[in-house]
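Take the sequence shown: its position 193, counting from 1, is numbered 193 in the UniProt record's numbering, and each next residue is one higher. Think of the CB as a built atom: it goes at the ideal place given N, C-alpha and C, for glycine as much as any other residue. Predicted model only: the values in this text are computed from it and were never measured. First the structure, in the form of structure tokens, and then the observations on it.
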Amino acid sequence: MAWLENMHEQWLLWRPDVVLLVFLLALTFVLFEVRIVRQVAADPQQEKRRRWSTPARYVAFFVGIVLLYIAYGPLAFYAQTRFFTAYIAQMLIMTMALPWLLVFSLPPSAFSPWLTISWVARTLQFLVQPAFALVTFNALVSVTLLPPILPLMLTVNWVHMIAQFFIFLAAICFWWPLAAPLSKVSALTLGQKLFYITYSANFMMPIIFFLFFSTSPWFPFYHAIDALADQQLGSVVMLVTMYVVYGTIALRLYFHQDESIWYV
């Protein structure tokens, strides 16, 4: 039976279903870009669309699908069964990297057709309102790290899938006001973006604090290493990654400021 267990573990690490998803995303992206190139070639007035088809955006998207495979392939196995820190790493990839690399690397023309549907436009406008998006994202991440919730997510597959879907959706909505792929939907001034980042960083501090300073492990089922040390390491990884990402964005905004930063 040992060979069956080993085969099952290797299957979980390889995750051919995730490979298929990555392949379909890559194919869709390539077909979309080919369509843009053909449209620009047929109509020179669409030159603005060509400027979005840059090597940097191609690299960003394909780095994104590699990270997607890592997060939901090998890392997912360890995140569900071995290490709390692996779960934190998976969650950080899903919320801090993938929205930028997979969603906001797309040109505005990828979003615009959906906004012609009135209920989609209204729903999006509501979901990406800065106050709502900030509170929803940070609250959802914090709640899913509580002892009663995380074990349930990791032991019931459909709960885990639904939770990860909504966390990823909340992450897209959270980053939308900063990325502003469509300027007319929840655009913020530079000053407002700085406040947005600051408040978000503060919002996550309580759960990080409790994870690190807890005197007993919240998730003893993670047993690959000492559960309490693993929990504390995960909280440190979360804190450092969060502040590196937020700090990088804040510095970029600060150095691009001018006298109108608080107004336009």
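Query raised in the report: Quick one, are the C-beta atoms of ILE65 and LEU98 less than 7 Å apart?
Result: To locate residue 65, count along the sequence shown from 1; it is residue 65. To locate residue 98, count along the sequence shown from 1; it is residue 98. Not closer than 7 Å, so no.
Query raised in the report: Going along the chain, which residues of its own chain have a beta-carbon closer than 6 Å to the beta-carbon of ARG82, five neighbours each way excluded?
Result: As a first step, residue 82 is located in the sequence shown; it is residue number 82 there, counting from the start. Correct list, in chain order: ALA224.
Query - Runs of alpha helix (DSSP H) wholly within the stretch 155-188 (minimum 4 residues, chain order) - result: 157-179
**Report entry** Cα-Cα separation, LEU182 to ALA79
**Finding:** Reading the sequence shown from its first residue, position 182 is the one you call residue 182. Reading the sequence shown from its first residue, position 79 is the one you call residue 79. Whole-angstrom Cα-Cα distance: 35 Å.
Query raised in the report: Nearest CA to the CA of PHE104: which residue from LEU115, PRO130, PHE61?
Result: For the purposes of this step, residue 104 is taken as the residue at position 104 of the sequence shown. Cα-wise, what sits closest to PHE104 is PHE61.
Query - Extent of the continuous alpha helix (DSSP H) run through TYR254 - result: Against the sequence shown, residue 254 aligns to sequence position 254. Run containing TYR254: 227-255, per the alpha helix (DSSP H) assignment.
Query raised in the report: On the three-pair Cβ rule with 8 Å, is the stretch 224-235 touching the stretch 163-177?
Result: no
Report task. Starting from TYR199, follow the alpha helix (DSSP H) in both directions and report where the run begins and ends. Result -> As a working mapping, residue 199 is identified with position 199 in the sequence shown. Per DSSP, TYR199 belongs to the alpha helix (DSSP H) from 190-213.
Query raised in the report: DSSP state of ILE70, grouped into three classes?
Result: Indexing the sequence shown from 1 puts residue 70 at position 70. Here ILE70 sits in helix by DSSP.
Query raised in the report: ILE117 lies in the alpha helix (DSSP H); which residues open and close that run?
Result: Mapped onto the sequence shown, residue 117 falls at position 117. Taken as a continuous stretch (DSSP letters only), ILE117 belongs to no alpha helix (DSSP H), as it is neither H nor E.
Query raised in the report: Should residue 272 and LEU251 be called a contact, given that it needs their Cβ atoms to be closer than 7 Å?
Result: With the chain covering 1 to 264 only, the question about residue 272 has no answer from this structure.
Requested in this report: Determine the DSSP secondary structure at GLU259, reduced to helix, strand or coil.
Outcome: Indexing the sequence shown from 1 puts residue 259 at position 259. Unreliable positioning characterises GLU259 in this predicted model, as indicated by a pLDDT of 47, which lies under 50. The coordinate reading is nonetheless provided below. For GLU259, the secondary structure class from DSSP, reduced to helix, strand or coil, is coil.
Report task. Counting only the same chain and skipping the five closest in sequence on each side, list residues whose C-beta sits under 7 Å from that of TRP262. Result -> Position 262 of the sequence shown, counted from the first residue, corresponds to residue 262. At TRP262, the pLDDT of 43 sits below 50, so the modelled position is not reliable; the number obtained from the coordinates is stated separately. Within the same chain, TRP262 has close Cβ partners THR189, GLY191.
Query raised in the report: If you compare alpha carbons, which of SER235, PHE195, THR198, MET204 is closest to PHE213?
Result: To locate residue 213, count along the sequence shown from 1; it is residue 213. That would be SER235, whose Cα lies nearest to the Cα of PHE213.
Report task. Provide the residue span of the alpha helix (DSSP H) that contains VAL143, from first to last. Result -> Position 143 of the sequence shown, counting from 1, holds the residue named residue 143. Taken as a continuous stretch (DSSP letters only), the alpha helix (DSSP H) holding VAL143 covers 130-144.
Requested in this report: Identify whether PHE221 lies in helix, strand or coil by the three-state DSSP scheme.
Outcome: The residue you call residue 221 lines up with position 221 of the sequence shown. Residue state, collapsed to three classes: coil.
Query - Residue nearest to ILE172 in terms of C-alpha spacing, selected from MET96, PRO151, PRO108 - result: Within the sequence shown, residue 172 is the residue found at index 172, counting from 1. Taking only the C-alpha atoms, the option nearest ILE172 is MET96.
Report task. Report all residues from its chain with a CB closer than 8 Å to the CB of PRO220; omit the five preceding and five following residues, and keep chain order. Result -> Looking up residue 220 in the sequence shown gives position 220. Within the same chain, PRO220 has close Cβ partners ALA227.
Query raised in the report: Which residue's Cα is closest to the Cα of MET161: MET238, LEU101, MET91?
Result: Taking the sequence shown and counting its residues from 1, the one referred to as residue 161 is at position 161. Out of MET238, LEU101, MET91, MET91 has the C-alpha closest to the C-alpha of MET161.
Query raised in the report: So is LEU75 buried or exposed if we call it buried at 16+ other beta carbons inside 10 Å?
Result: Along the sequence shown, one-based indexing puts residue 75 at 75. LEU75 should be labelled buried.
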